[in-house]
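In mature numbering (1 follows the signal peptide of the UniProt record, and there is no 0), the protein residues as written are -26 to -1, 1 to 399.
Note that CB positions come from ideal geometry on N, CA and C, so glycine has one too.
In structure tokens:
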């Protein structure tokens, strides 16, 4: 039954509801805004443009990844970009069967290996053992599987050793040097102080400069660039080219069934060694993509630009050091002594490496300085009897005797005549 109290409460609730409802409709903050379509569209577009502009400043689109069918060099360029203005990475890479921590590491190699650590205290110095190299190549070149296939198919340890130095420098940069090399000066002293390192991406030295008419009987190229010590920034085009060249040649021979010891149609020197390396350097020097070639000229740079070189030369982003820098003390071809200011690295041509890296005799290499491919050498020169010749002179002198060459590299005091073949044992 409706009582007075209930009626009063109902009236109060009703009045409160009406007041609240009217207040809500009359509140300025609750009034619907008048939409100006043209203005709003303009403001929205302007805000979006400003947002995109901010994004463009913060985000740069990466180059599209080339498809697997793209040329090998193009894919290598994408995977390992080259930035000239970057610093040289503080890495020193060397390879051997064992690490220095192993009890099997040769005691004869410890002074040479230690010289790199001692003169480069701020560098990461790695000696990569044989059983690790394969896994490292597979990891670094997983996106370019044919490179790993080529490396894994190499039939000789010396081929893998050659190939690995190019692979590690292309991917990581730094310094590669053979395990039997001595660092005479730190790498920071290899280039003159006034040279802007932001304009240098590659440092090589001359291995051989045989200024004689029959140079081709002794060397593969009139000028040969050294491959036992190389400094590079990662991704350099020379490294990209040599990696692509070796990969293509290896897979070509594999397809023909001749990528086997004694079956290959290329010598080691021409396949992975100093000849192939020298050709890659000159291809770069003469590539119109990187250098301006004079009209009508087929070669921009030749061996004549480096023969009898005594100081450093800069060609584009490449610094070429004289023969003294990486081959001091050889006593020929204009090389200076070990105490020469331009002497940076000494190559010991270790007999241990000759035995462990060879596996076969390579006559082409006997005429060059990669002496690890030779059989054990006599302790004395058969021409002059000297026992203190460097391995390079010793090998060339004894080979000269076998060829009855009238020019003996040693020219020792005991040389009075050229023995006949019957006199050479």
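Pull up the distance between the alpha-carbon of residue i and that of residue j, whole angstroms please.
i: residue 314; j: residue 160; result: 15 Å
i: residue 213; j: residue 73; result: 26 Å
i: residue 268; j: residue 70; result: 44 Å
i: residue 239; j: residue 198; result: 21 Å
i: residue 270; j: residue 291; result: 24 Å
i: residue 275; j: residue 286; result: 16 Å
i: residue 389; j: residue 145; result: Because the pLDDT of residue 389 is 38, which lies under 50, any placement of that residue in the model is unreliable, and the number read from its coordinates should be weighed accordingly. Answer to the nearest angstrom: the Cα atoms are 50 Å apart.
i: residue 105; j: residue 168; result: 42 Å
i: residue 205; j: residue 148; result: 6 Å
i: residue 151; j: residue 78; result: 20 Å
i: residue 80; j: residue 135; result: 18 Å
i: residue 249; j: residue 76; result: 34 Å
i: residue 42; j: residue 49; result: 8 Å
i: residue 174; j: residue 264; result: 14 Å
i: residue 46; j: residue 296; result: 33 Å
i: residue 192; j: residue 277; result: 16 Å
I need the DSSP call for residue i, collapsed to helix, strand or coil.
i: residue 397; result: Reliability fails at residue 397, whose pLDDT of 35 lies under 50, so the model's placement of it is uncertain and the value that follows must be treated cautiously. Correct three-state label for residue 397: helix.
i: residue 151; result: strand
i: residue 232; result: coil
i: residue 258; result: helix
i: residue 237; result: coil
i: residue 221; result: helix
i: residue -2; result: Bear in mind that the predicted position of residue -2 carries a pLDDT of just 49, short of 50, making it unreliable; the figure below should be weighed with that in mind. Residue -2 falls in the helix class under three-state DSSP.
i: residue 178; result: strand
i: residue 294; result: strand
i: residue 339; result: Note on residue 339: pLDDT 38, under 50, position unreliable in the model; no value is reported.
i: residue 199; result: strand
i: residue 205; result: strand
i: residue 124; result: helix
i: residue 251; result: helix
i: residue 112; result: helix
i: residue 320; result: strand
Measure the beta-carbon distance from residue i to residue j and round it to whole angstroms, keeping in mind my assumption that it falls under 8 Å.
i: residue 155; j: residue 203; result: 6 Å
i: residue 318; j: residue 300; result: 7 Å
i: residue 101; j: residue 87; result: 6 Å
i: residue 215; j: residue 258; result: 7 Å
i: residue 122; j: residue 111; result: 6 Å
i: residue 293; j: residue 165; result: 6 Å
Using a Cβ-Cβ cutoff of less than 7 Å, which residues in the same chain neighbour residue i once the five nearest sequence positions on both sides are dropped?
i: residue 137; result: 125, 128, 220, 246
i: residue 289; result: 259, 275
With a CB to CB cut of under 6 Å and the five nearest residues on each side skipped, what residues in its chain are close to residue i?
i: residue 115; result: 121, 122
i: residue 108; result: none
i: residue 56; result: 209, 210
i: residue 139; result: 150
i: residue 179; result: 200, 295, 299, 300
Residues in its own chain within less than 8 Å of residue i by CB, not counting five upstream and five downstream?
i: residue 320; result: 155, 156, 158, 302, 303, 312
i: residue 189; result: 196
Which residue spans inside the stretch 34 to 101 form an unbroken alpha helix (DSSP H) run of at least 4? 46 to 53, 84 to 93
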